[in-house]
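All you need for the working numbering is the position in the sequence shown, starting with 1, plus 162. Built from N, CA and C at the ideal position, the CB exists for glycine as well. All figures in this text were calculated on a predicted structure; none of them were measured in a lab.
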Amino acid sequence: MSPATIGGARARAAGAATCLMIALSLAAGLSGGAFPAWPAGLVAWLIGIALLPTISSFQRVQTGLMAGVGVAALAVAIAGGAGGVLGPLVVGNQALLAMLATVSFLRMVTRTGDDPDERLPRGRRALWQTLLATHLFGAVINISAAFIVGQRIARDGSLTPLQAKVVSRAFTAAACWSPLFAAMAVVLHYVPGVDMFHVTRVNLVLAVLLLGWSAQSLARDAAVDDFVGFPLHREALTVPLLLAALVVGLYLLPTGWPILSTIIVAALGCVALLRMGRPPGETRRLLLHHVERELPRMGGEFALFLGASVLAGGIAALASVGHLDLVIDPHQPREGIPLLFTLVALTLVGIHPVISVATLSGLFPTTLAAPDLVGIVVLMAWSVALGTSPFSGTALALQGRFGIPATRFLRWNLAYLAIGLVLASAVLLAADYFAWA
163 MSPATIGGAR ARAAGAATCL MIALSLAAGL SGGAFPAWPA GLVAWLIGIA LLPTISSFQR
223 VQTGLMAGVG VAALAVAIAG GAGGVLGPLV VGNQALLAML ATVSFLRMVT RTGDDPDERL
283 PRGRRALWQT LLATHLFGAV INISAAFIVG QRIARDGSLT PLQAKVVSRA FTAAACWSPL
343 FAAMAVVLHY VPGVDMFHVT RVNLVLAVLL LGWSAQSLAR DAAVDDFVGF PLHREALTVP
403 LLLAALVVGL YLLPTGWPIL STIIVAALGC VALLRMGRPP GETRRLLLHH VERELPRMGG
463 EFALFLGASV LAGGIAALAS VGHLDLVIDP HQPREGIPLL FTLVALTLVG IHPVISVATL
523 SGLFPTTLAA PDLVGIVVLM AWSVALGTSP FSGTALALQG RFGIPATRFL RWNLAYLAIG
583 LVLASAVLLA ADYFAWA
């Protein structure tokens, strides 16, 4: 989320507008097209404009470049005879933004066992517990999990190198499979025909391998005996398990709902079920706090995904009039390995995965031969690179919160990146051999 926010009436208006966007997006998704998507898209654009003052200068430059390239591409495409290109721009990434905003409400019910009087575990077992806890929380509440765990185990507000490695690796490993990560939302939006559950099943293998290698390698660190970790409690599993059950249950029903709408309904249902029986006044206070304080901090997300929608729309329009001959369409899992390395390299030099995927989407054919494969590869690249790139939102967020220079993550996690690429390639080759994708 954005490092800054706005206050007063403007913040309340932005939070209320975000709730309106969620409702409009849900109406469009659940109605099967009977209710149009453009009202939700229009509200999303208004929110994005209102929250522009909250984003960093780097995000402004990034968004401006995406929008500038997209608008230029649209102009060339329209001059070349392309039509119907403005409607999709209004709709934009409203479904994706609605899903991310809804998932943020899960913080109201996520219990981390954060008892200030509890003695924190130490040593190898504490390291393993912290890996698992950060991974599970991260799969549900995204970057907030890294902040919660980091703040709990930090000494004088700072993390040791070993703690930083554990938190960053455990968190980013969830990006390759969690349906509640921004990464999955991006794939569901930009890769037509992808099956979320198929992608999750394959990439869970990679997540287990990444966590296993991290646990084994970090346990040999010279500072492991002094490692102060995060306690993992049984109640911490409540939200992930309930949410998974709701998503799978709704998915199996013959509703025909889009998967992003299904996740929105499941997340709202999870919050409602876990707040039942709690004092209404407390629930109202938490809800108001989230709407007025947390939702207005989503300026970075709105800027990134709205800018990406302009970029993707421009590239797709250019491709439609024949100005782009490059087509991205891997057929077999082994053919995804070059794409994996390319996406990781782009992330390392500062190109956000959302920008890469938005660009790729404009180069897809009308029907992808293996959409699940494309989704698997994109999420693999996202997962193994974000904890290493000093330009990633994860590294910059941890720098802002704990004062760790983002460039240190490149040094600390470079070996993890190399092993991650090897493991991801091995999973793709196994998927090729066993016909998983």
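- In this structure ALA479 is not in contact with ALA241, their Cβ atoms being roughly 11 Å apart against a cut-off of 8 Å.
- Straight-line spacing of the CA atoms in PHE596 and PRO341 works out to 24 Å.
- Burial check for GLN313: the Cβ neighbour count within 10 Å stays below 16, so the residue is exposed.
- If you look at ASN575, you'll find it in the alpha helix (DSSP H) that goes 569 to 596.
- Between ARG363 and SER306, the gap from beta carbon to beta carbon reaches 8 Å or more.
- The residue among ALA257, PHE333, VAL361 with its C-alpha nearest the C-alpha of LEU293 is PHE333.
- In this structure, PHE389 places its C-beta atom within 8 Å of the C-beta atom of LEU289.
- At a cut-off of 4 residues, the continuous stretches assigned as alpha helix (DSSP H) that sit fully inside the region 446 to 507 are 461 to 482.
- Cα atoms of VAL349 and VAL356: separation of roughly 8 Å, rounded to the nearest angstrom.
- THR556 is classed as buried because its beta carbon has at least 16 other beta carbons within 10 Å across all chains shown.
- One thing to note: SER266 has its Cβ no nearer than 8 Å to the Cβ of ARG331.
- ARG317 sits in a strand when the DSSP states are folded into three classes.
- Look at ARG287 here: in three-state DSSP terms it is helix.
- Judged by DSSP in its simplified three-state form, VAL271 adopts coil rather than helix or strand.
- As computed with DSSP, VAL390 is found in a beta bridge with ARG284.
- The C-alpha of THR509 is placed about 42 Å away from the C-alpha of MET438.
- Pairing THR272 with VAL302 gives a Cβ-Cβ distance under 8 Å.
- Taken in chain order, the complete alpha helix (DSSP H) segments of 4 or more residues contained in the region 239 to 268 are 248 to 253, 256 to 265.
- Per the coordinates, the alpha-carbon of SER218 lies some 18 Å from the alpha-carbon of PRO515.
- Counting C-beta pairs closer than 8 Å gives fewer than three between the region 203 to 219 and the region 434 to 453, which falls short of the contact rule.
- Collapsing the DSSP output to three states places ARG437 in a helix.
- Bounds of the alpha helix (DSSP H) holding HIS360 are 358 to 380.
- ALA337 is positioned such that its CB atom lies closer than 8 Å to that of LEU548.
- Beta-carbon to beta-carbon, GLY210 and PHE564 are separated by about 28 Å, too far to satisfy the 8 Å threshold.
- Nearest neighbour of PRO393 by Cα position, chosen from ALA593, ARG172, ARG281, ARG317, turns out to be ARG281.
- For the pair GLY232 and VAL472, the CB atoms are nearer than the 8 Å cut-off.
- Separation of THR424 and VAL433 (C-alpha to C-alpha, rounded to the nearest whole angstrom) is 14 Å.
- When the beta-carbon positions are compared, ASN304 and ALA344 come within less than 8 Å of each other.
- In this structure, ASN365 lies away from ILE581, with their beta-carbon atoms at least 8 Å apart.
- For ALA260 against ILE490, the beta-carbon gap comes to about 27 Å, at or over 8 Å, which does not count as contact.
- Secondary structure at PRO198: coil, using DSSP grouped into helix, strand and coil.
- DSSP, read as helix, strand or coil, puts SER523 in helix.
- A Cβ-Cβ contact shorter than 8 Å links LEU535 with PRO495.
- Nearest to MET183 by alpha-carbon distance, out of VAL584, THR417, ILE421, ASN255, is ASN255.
- In summary, THR521 is buried, with 16 or more beta-carbon neighbours lying within 10 Å of its beta-carbon over all protein chains present.
- Between ALA369 and ALA335, the gap from beta carbon to beta carbon is short of 8 Å.
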